Every structure is written in structure tokens, then in C-alpha cells.
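>
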Amino acid sequence: MGKNQKFTGLNTDIERLANRIETYLQENGFEVALSKDPTAPPSWFFIQARKVSALRTVAGARRSTDITIKGAPENFEVSVGTGEWGKNLVSSAPLFIVPVVGIGVTLAKLYTAKRFED
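Everything in the sequence shown is counted per my numbering, starting at 561 for the first residue and increasing by one.
(1) Compare the C-alpha of Lys-611 against each of Ala-593, Phe-605, Thr-568, Thr-628 and name the closest.
(2) Buried or exposed for Leu-570, please, with buried defined as at least 16 other CB atoms from any protein chain shown within 10 angstroms of its CB.
(3) DSSP puts Asn-635 in a beta bridge; with which residues?
(4) Scan the segment 582-618 and note each continuous beta strand (DSSP E) run of 3 residues or more that stays entirely inside, going in chain order.
(5) For Asp-573 and Gly-562, I'd like the C-alpha separation in whole angstroms.
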């Protein structure tokens with residue numbers, strides 16, 4: 561179980577808050593995935609972070625720190641807990657990169673083959 565904290569009357573830009581948390585974690589050696597509400601303005605953000613190292617990779621350690629920010633600028637809640645890397649992400653960058661890289665490599669191969677034929 562994590563820790564929850566409610567904030568009221570602060571008029572906080574929660575998108576900026578989520579981005580600042582993401583930047584802080586990245587600057588401190590964490591791999592970070594950020595998901596957010598697709599509506600405008602977003603009403604929730606989910607940040608998942610984990611320390612990256614060869615030992616953790618070999619050991620299969622998938623523990624992560626999960627941070628959820630939800631609400632409106634005048635009334636929002638921040639929840640911090642632990643979880644498993646890759647779970648509960650609606651649209652995470654790490655899960656999105658693999659197909660994009662695959663598509664990019666395929667397009668590069670097609671371009672090279674076409675150029676070779678010409």
C-alpha cells in the first residue's frame with residue numbers, strides 16, 4: 561500500500577507537476593514512463609519509474625515506483641506506491657518504442673532495397 565496526499569486551494573498546474581517529477585526522476589538515474597489522460601486538459605497522470613542497472617536486469621527485478629496525480633488544479637491527489645514495471649500503463653513510452661523501432665527498421669530496409677534496384 562502506498563501513501564496518498566490530497567491538496568486543495570493551491571491552483572497547481574498538474575501537467576507541469578507531472579513533467580517536473582518525470583524530469584527529476586530521469587536526472588537521478590531512473591527509467592521513466594509517463595501516461596496521461598488523453599482529454600484536454602488532462603485530469604490524471606501516471607508516472608512509473610525504476611532504477612536501471614545490469615544487476616537488476618540479470619536478476620529480473622521489475623519493481624517500480626508508481627506515482628499517480630489525479631484531479632483538478634484546485635483539488636488534486638498524489639499517490640505514491642510500488643508496483644511492477646510495465647503494469648498499469650495505458651500508453652507508456654517503453655511499450656510504444658518497440659513497434660516504432662521495428663517499423664523504422666523495415667522502412668529503412670525497403671528504402672535500401674529500392675535504391676539497390678535502381
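Heads up, the beta-carbon is just placed ideally off N, CA and C, and yes, glycines get one too. Quick caveat: nothing in here was measured; it's all calculated off a predicted structure.
Taking the structure as given:
(1) In the sequence shown, residue 611 corresponds to position 51, counting from 1. It is Ala-593.
(2) To locate residue 570, count along the sequence shown from 1; it is residue 10. Counting Cβ neighbours within 10 Å, Leu-570 comes out exposed, since fewer than 16 surround it.
(3) Residue mapping note: residue 635 aligns to position 75 of the sequence shown, counting from 1. Paired residues: Thr-568, Ala-632.
(4) 590-596, 604-611
(5) As a working note, residue 573 is residue 13 in the sequence shown. As a working note, residue 562 is residue 2 in the sequence shown. Answer to the nearest angstrom: the Cα atoms are 23 Å apart.
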